[in-house]
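Residue numbers (full-length UniProt numbering): 1 to 142.
Below is the structure:
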C-alpha cells in the first residue's frame, strides 16, 4: 500500500482517540448489551468484519457500494464496514499494523493503545474489564 495520511491517524495520539471513540466504542457497546455468554461469538463476528473490511481497502467506492447492495447491508452495517476499513488504513499508515498481520489483530492492538489512556477510559464510556476481556479473547485466538 502506498504512503498516505489517513484522517484520525495523523499520529499515535490522534489514533488513540479515534480508536477509543469509534472501533472500540462500537464493540464495547455491543458487548455491554449482550449476556456475557454471547461475547465470544460476537468477537468472532468482529474478527470476520475486520477480514471483510481489509478486502474492501483496494476497492473503489462504487465497487464497495455494489457489494453492500448485493449482501443487503443496512446503513449501520455499511457504516461499520467503512469505519473498520478506514481504521485498518490508518493503522497501516502509522505502521502500527503490518499488511501481513491478520486483520483481526487490529482489535487487540487497539485495546493495547487505548488502555494507555488509563483513567480517561471513562470519558469514552469504556470499561477496563470489558477491554481486558476483548484482549484476552484475541490472545486465546492467536
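Yeah, the Cβ is synthetic: ideal placement off N, Cα and C, and Gly gets one too.
Is the distance from the Cβ of residue i to the Cβ of residue j below 8 Å?
i: residue 85; j: residue 51; result: no
i: residue 9; j: residue 94; result: yes
i: residue 134; j: residue 43; result: yes
i: residue 145; j: residue 107; result: Residue 145 cannot be examined here, being either before or after the span of the chain that is shown, 1 to 142.
i: residue 97; j: residue 109; result: yes
i: residue 138; j: residue 40; result: no
Quick check on the burial criterion: 16 or more other C-beta atoms within 10 angstroms. Buried or exposed for residue i?
i: residue 91; result: buried
i: residue 29; result: exposed
i: residue 123; result: exposed
i: residue 1; result: Confidence in residue 1 is poor, its pLDDT being 44 and thus under 50, which makes the residue's placement too unreliable to answer from.
i: residue 142; result: exposed
i: residue 75; result: exposed
i: residue 15; result: buried
Where do the N-terminal and C-terminal ends of the alpha helix (DSSP H) with residue i fall, by residue?
i: residue 119; result: That residue, residue 119, is in no alpha helix (DSSP H); it is neither H nor E in DSSP.
i: residue 79; result: 75 to 93
i: residue 53; result: 39 to 56
i: residue 134; result: 128 to 141
i: residue 15; result: 12 to 21
i: residue 67; result: 61 to 70
Assuming residue i contacts residue j under a Cβ cut-off of 8 Å, what Cβ separation, rounded to an integer in Å, is found between them?
i: residue 19; j: residue 78; result: Their Cβ separation, rounded to whole angstroms, is 20 Å, which puts residue 19 and residue 78 out of contact at 8 Å.
i: residue 31; j: residue 111; result: Wrong, their Cβ atoms sit about 12 Å apart, outside the cutoff.
Contact between the stretch 15 to 27 and the stretch 71 to 86 (3+ Cβ pairs under 8 Å): yes
Sufficient close CB pairs (3 or more, under 8 Å) joining the stretch 101 to 108 to the stretch 42 to 50: yes
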